[in-house]
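K.L.:
When we follow numbering that gives the first Met the number 0, the leftmost residue of the sequence shown carries the number 0, and every step to the right adds one.
Here it is: the structure, laid out below.
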Amino acid sequence: MSTPETEIWHNPRCTKSRAALAHLDAAGIEYSVRRYLEDPPTGVEIRAALDRLGAQPWDITRTGENIAKELGMAGWGRTDADRDRWIGALAEHPQLIQRPIVFTAGGAVVARDEDALDSLG
């Protein structure tokens, strides 16, 4: 049995994440689920996700979360020199990662709405 080409970083408590699963189900797409709060991605995996998304770590950070406020992330720099700090925070505190993120053979997207999911083709 082969592994599905589509993977979703999923938080079952998140409405947007559950909606993304329903969209994938309705489209008949096989996928694997990674409950990223229980199985947090490493810094290496976050870097790979960012590459596939074409994004920076601050683009996928939930800066409104309490932990982000406690860390003072709103005041962190957003340059190449700051990337490691952001990635380290995302790896240490996976609740800061925007959700859901859907990865396919053709790309990746933060799937906050159906248009984002549809963009994966």
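Yeah, the Cβ is synthetic: ideal placement off N, Cα and C, and Gly gets one too.
Keep in mind that this is a model prediction, so the values were computed, not measured.
Helix, strand or coil for Ala104? Go by DSSP, reduced to three states.
P.N.:
coil
K.L.:
Under three-state DSSP, which class holds Glu113?
P.N.:
helix
K.L.:
With distances taken between CB atoms, is the gap from Pro40 to Pro93 smaller than 8 angstroms?
P.N.:
yes
K.L.:
Have a look at Thr14 and Gly105 and give me their C-alpha separation to the nearest angstrom.
P.N.:
25 angstroms
K.L.:
Can you tell me whether DSSP reads Ser16 as helix, strand or coil?
P.N.:
helix
K.L.:
Thinking C-alpha only, which one of Thr78, Glu113, Arg61 and Glu29 is nearest Gln97?
P.N.:
Nearest option by C-alpha distance: Arg61.
K.L.:
Could you tell me the boundaries of the alpha helix (DSSP H) in which Glu69 lies?
P.N.:
Asn65 to Leu70
K.L.:
Let me check understanding here. Comparing Cα to Cα, which of Arg84, Ala48 and Ala107 lies closest to Leu70?
P.N.:
Arg84
K.L.:
Excluding the 5 residues flanking Met0 on each side, which residues of the same chain have their C-beta closer than 7 angstroms to its C-beta?
P.N.:
Unreliable positioning characterises Met0 in this predicted model, as indicated by a pLDDT of 42, which lies under 50. The coordinate reading is nonetheless provided below. Within the same chain, Met0 has no close Cβ partners at all.
K.L.:
Return the first residue and the last residue of the alpha helix (DSSP H) that Glu44 is part of.
P.N.:
Gly42 to Leu52
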